[in-house]
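Novice:
2 protein chains.
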Amino acid sequence: MSALPANVASRTDAVARILDAAAGLFAESSYDAVSMNAIAERAGVSKANIFHHFSSKESLYLAVVRAACHDVGERLGELGTEHGPFAQRFSSYAASMLNDMLEHDQIQRLILRELLVDGERRGQEFAEKVFGENFARFVAILRQGQLKGHLRADLDPAMIATVLIGSNVFFFEARDVLKHFRDVNFANDPARYSTMLVDILMHGIARTPGSPAAPTAGN
Amino acid sequence: MSALPANVASRTDAVARILDAAAGLFAESSYDAVSMNAIAERAGVSKANIFHHFSSKESLYLAVVRAACHDVGERLGELGTEHGPFAQRFSSYAASMLNDMLEHDQIQRLILRELLVDGERRGQEFAEKVFGENFARFVAILRQGQLKGHLRADLDPAMIATVLIGSNVFFFEARDVLKHFRDVNFANDPARYSTMLVDILMHGIARTPGSPAAPTAGN
DNA sequence: GGATTTGCCGACCGACCGGTCAGTCAGTAT
DNA sequence: ATACTGACTGACCGGTCGGTCGGCAAATCC
């Protein structure tokens, strides 16, 4: 699996396997439903060895959550780097975000569950270390879109960001219910969902003749 | 607490207390994190008595989830009964839904977690028994809004419903994170969130001079 | 080449888990 | 009084939990 030299690999291999196994199991089930025995078995190490590398189950769990947060943060960071017209960038951002969530199903589940179970305590940590920077960056992009006249100036850009993110997150977590609704035909088609979502948002966000806007209309 | 005669009350009181205690604990923590001992203690009954009324922990949990679903379904059913202009009804519906979720925090958490952990299996059940009817009713209202010319006719009404519900659900589950963002000032103000959400949605949903609409402009 | 460190393991611990069981007790129909 | 019922309990079960401990084998240091 690893292309590193044996000695280097063996020093980190076990830890990595433990983290991988734990991440998978924690994503599938809740904290208490995952036993150290199960993690040890999947990782192919002894349970005692896990306690050799991690001081407790809690600390292993935190390491897994931290790694997941790091991954999510990194992937989010890659999103805002695209070019082109504003509307296209916005649309591409929305679609990429949704695809990314669906692609990393397990990590996403882990973080969402963590939020649901212990939002009060984890809220600040998540806000600062995981989403904070990327959220602020997205808001900045939207604010610039307002200044350039692409978006209504009387809206809170943070609110726009929240609605877009929220609609994507909801699709992620509710698709299993949505696909059983007669009226819904987009539950298995995230691309279509994304297109329609951006349509709905843009025609409320985009400048229209009746809404106020900055006097300098660019692009 | 109960005004019923002692003999009748005593027949159901214990079961009700068990269900209440279990609902509270299951909403706070995951299935595995809640022990039968803890439920018994909070309910003020012996653990053995719980097994006298429920065949297993699993069956008790199912009873709790079923009750929660029933409650949610009932409360959702009361939402679509208002009168007045379409825009006002839509706005009121959105605000009521959000308030309702915040007010019944525990039940909402329970259901959302159930969805996250086991969406595949619970999806159909939830769709049919909990949300199905109410979702369909909301979609019907939106469809009528399209026919009457209040909403753009080229949008999927189920999509509109999903975005509204999703934005509300996301606010519910992410408010603890949102309130730590510098750019966000609505995390503790659901009414303001609701107002802004409806603003964003309506000006993409509502008929505008540039978008197609049914020829008959009512209201 | 002996001592030390490091990665790792099997065996084990007390605590607690979900669940069972024999039996108490109040009510009630006969 | 008798017989029976369902609600209820404390004591207890086998099993699993998170976590510990002593020791093995290989690398590393001196």
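Residue numbers (this note's numbering), protein chains in the order written: chain A, 1 to 219; chain B, 1001 to 1219. Virtual Cβ for every residue (Gly too), placed ideally from N, Cα, C. Here the structure is a predicted model, which means the values were calculated and not measured.
(1) My output table needs one value for B/Leu-1151: the three-state DSSP class, helix, strand or coil.
(2) What does B/Phe-1026 reach in chain A if we use C-beta pairs closer than 9 Å?
(3) Assuming B/Ala-1161 and B/Phe-1135 make a contact with CB atoms under 8 Å, what is their CB distance in whole Å?
(4) Taking 8 Å as the CB-CB limit, is A/Gly-166 close to chain B?
(5) Against A/Gly-132, what residues of chain B qualify as contacts under a CB-to-CB distance less than 8 Å, listed in chain order?
(6) Any Cβ of chain B within less than 8 Å of the Cβ of A/Pro-212?
(7) Consider the Cβ of B/Tyr-1093: report whether some Cβ of chain A lies at a distance smaller than 8 Å.
(8) Going along chain A, which residues have a C-beta under 9 Å from B/Ala-1136?
(9) What is the DSSP secondary structure of A/Tyr-61, counted as helix, strand or coil?
(10) Hey, does B/Glu-1114 have any beta-carbon neighbour from chain A nearer than 8 Å?
(11) Confirm, please, whether the CB-CB distance from B/Ser-1030 to B/Tyr-1094 is below 8 Å.
(12) Check the Cβ-Cβ distances between B/Leu-1197 and every residue of chain A, and say whether any is below 8 Å.
(13) Among the residues of its own chain, which have a CB less than 8 Å from the CB of B/Ser-1211, if the five just before and after it don't count?
(14) Taking a Cβ distance cut-off of 9 Å, strictly less, list which residues of the stretch 1062-1073 of chain B are near chain A, in chain order.
(15) Which term fits A/Ala-174, buried or exposed, when burial requires 16 or more other beta carbons within 10 angstroms of its beta carbon?
(16) To the nearest angstrom, how far is the alpha carbon of A/Leu-142 from that of A/Pro-157?
(17) Can you list, in chain order, the residues of its chain with a C-beta nearer than 8 Å to that of B/Tyr-1061? Leave out the 5 residues immediately preceding and following it.
(18) Between the C-alpha atoms of A/Phe-171 and B/Arg-1109, what's the straight-line distance to the nearest angstrom?
(19) What are the start and end residues of the alpha helix (DSSP H) that includes A/Lys-47?
(20) Excluding the 5 residues flanking B/Arg-1017 on each side, which residues of the same chain have their C-beta closer than 6 Å to its C-beta?
(21) Going by other Cβ atoms of all chains shown within 10 Å of its Cβ, with 16 needed for buried, is B/Gly-1145 buried or exposed?
(22) Which residues bound the alpha helix (DSSP H) around B/Arg-1182?
(23) Of the choices A/His-70, A/Gly-166 and A/Pro-85, whose alpha-carbon is the least far from that of A/Gly-149?
(24) Alpha carbon to alpha carbon, how far is A/Ser-167 from B/Asn-1049?
(25) Output yes if chain B places a C-beta closer than 8 Å to the C-beta of A/Gln-124; else output no.
(26) What number of angstroms, rounded off, separates the C-alpha of A/Arg-113 from the C-alpha of B/Lys-1047?
(27) A/Ser-96 and A/Val-198: beta carbons closer than 8 Å?
(28) Taking the beta carbon of A/Leu-220 as the centre, do at least 16 other beta carbons fall within 10 Å, making it buried, or is it exposed?
(29) For A/Val-177 versus B/Phe-1051, is the C-beta spacing smaller than 8 Å?
(30) Of all the options B/Ile-1107, B/Leu-1102 and B/Ala-1040, which has the alpha carbon lying nearest to the alpha carbon of B/Asp-1071?
(31) Give the interface partners of A/Leu-220 over in chain B, defined as CB-CB distance under 8 Å, in chain order.
(32) Would a check of beta-carbon distances place B/Phe-1086 closer than 8 Å to chain A?
Specialist: According to the structure data:
(1) strand
(2) By Cβ distance, chain A contributes nothing, its closest Cβ being about 11 Å from B/Phe-1026, past 9 Å.
(3) 6 Å
(4) yes
(5) His-1180 and Phe-1181
(6) Below a pLDDT of 50, predicted positions are generally treated as unreliable, and A/Pro-212, at 40, falls in that range; no measurement from the model is reported.
(7) no
(8) Phe-181, Arg-182 and Asp-183
(9) helix
(10) no
(11) First, the amino acid is wrong: residue 1094 of chain B is Ala here, not Tyr. In this structure, B/Ser-1030 does not lie closer than 8 Å to B/Ala-1094 by Cβ.
(12) yes
(13) Reliability fails at B/Ser-1211, whose pLDDT of 39 lies under 50, so the model's placement of it is uncertain and the value that follows must be treated cautiously. Same-chain partners within the cutoff: Arg-1152 and Asp-1154.
(14) none
(15) buried
(16) 6 Å
(17) Ala-1022, Phe-1026 and Tyr-1031
(18) 17 Å
(19) 47-53
(20) Ala-1043
(21) buried
(22) Segment: none, B/Arg-1182 is in no alpha helix (DSSP H) and carries neither H nor E.
(23) A/Pro-85
(24) 44 Å
(25) yes
(26) 29 Å
(27) no
(28) Because chain A spans 1 through 219 in this model, residue 220 of chain A falls outside it and cannot be assessed.
(29) no
(30) B/Ile-1107
(31) For residue 220 of chain A there is no data in the structure shown, the boundaries of chain A being 1 and 219.
(32) no
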